[in-house]
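This report refers to the structure that appears directly beneath it.
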Amino acid sequence: GDSVTQMEGPVTLSEEAFLTINCTYTATGYPSLFWYVQYPGEGLQLLLKATKADDKGSNKGFEATYRKETTSFHLEKGSVQVSDSAVYFCALRGFGNEKLTFGTGTRLTIIP
Amino acid sequence: GAVVSQHPSWVICKSGTSVKIECRSLDFQATTMFWYRQFPKQSLMLMATSNEGSKATYEQGVEKDKFLINHASLTLSTLTVTSAHPEDSSFYICSASFSAGELFFGEGSRLTVL
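Sequences listed follow chains A and B, in order. At position 16 of the first sequence (counting the first as 1) the number is 6 in my numbering, and the numbers step up by one without a gap. Residues are numbered in my numbering as their position in the second sequence, beginning at 1, plus a constant of 106.
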């Protein structure tokens, strides 16, 4: 079945550091890939998505590229801020399927 | 963006009692709602999918008689944990979508069974 393997946390970085959170997946066919973010006390919010190979999703300075050859969708940001502190979830959705399969989540803490 | 609200956000109950958690879509009609369970430091586990007006579809290993899901209207789904026990303590999250579009998530409900 479908699965998502996500970099384990927690991750602690200084403000303005470069961020990478690794995500790889296993799926049949051509899934859509997502990054969700959960800020303290809030529900999950869609951060970015990509629906086909080589697509790049981007939002709020975050980027992730759908790499079919390496089955990866790593999340990156060039310069993190304290307000980026949250839990980040990588997820996939199989073609024609409404269900999301999530990774374990990575807690990110940014220190001023 | 669309808002999905869960209530209560935190509930404590005694073992053997039943607890109901509500999930409401506040500004759109949710044709499909999903219920997830999240254990500490673990991923969200899909429990069931519910479509308005029909019976929920449960994932393998989820007891349908234990976790009763009702999706009576296009804006409300409820999860009832029947005869709760300490092992049912967890974080329950719902999500909702309209016509297989984007999923919107509630804030989650933390259940603690004493």
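Glycine included, C-beta positions come from ideal geometry on N, C-alpha and C. Note that this is a predicted model, so its numbers are computed, not measured.
Where residue i falls, given that 16 or more other Cβ within 10 Å makes a residue buried
i	result
B/Ser215	buried
A/Pro21	buried
A/Gly33	buried
A/Gln(-4)	buried
B/Ser160	exposed
A/Asp74	buried
B/Ser183	buried
B/His177	buried
Residues near residue i by beta carbon distance below 8 Å, same chain, minus five either side
i	result
B/Ser115	Glu213, Gly214, Ser215 and Arg216
A/Glu53	Leu38, Lys46, Gly47, Leu65, Glu66 and Lys67
A/Leu90	Phe24, Ala81, Leu82 and Arg83
B/Pro192	Ser121, Val219 and Leu220
Chain E residues whose Cβ lies nearer than 8 Å to that of residue i
i	result
B/Thr155	The structure shown contains no chain E; its protein chains are A and B.
6 Å Cβ shell around residue i - same chain, five flanking residues per side excluded
i	result
A/Thr2	Thr99
A/Thr77	At residue 77 of chain A the sequence reads Val, which differs from the Thr that was named. Around A/Val77: Gln28, Gly95 and Arg97.
DSSP bridge partner residues for residue i (one or two, in chain order)
i	result
A/Lys67	A/Leu9 and A/Phe52
B/Gln135	Answer is none; B/Gln135 lacks a bridge partner.
A/Phe115	Nothing about residue 115 of chain A can be read from this structure; chain A reaches only from -9 to 102.
B/Glu128	B/His113 and B/Thr184
| Considering only residues of the region 24 to 51 of chain A, which uninterrupted beta strand (DSSP E) runs meet the minimum length of 3 residues and lie entirely inside it, listed in chain order? | 34 to 40 and 46 to 49
Length at least 3, wholly inside the region 140 to 215 of chain B: the beta strand (DSSP E) runs in chain order: For the region 140 to 215 of chain B, whole beta strand (DSSP E) runs of length 3 or above, ordered along the chain, are 150 to 157, 173 to 179, 182 to 187 and 196 to 203.
Within the chosen definition, does the region 129 to 136 of chain B reach the region 198 to 206 of chain B through at least 3 CB pairs nearer than 8 Å? yes
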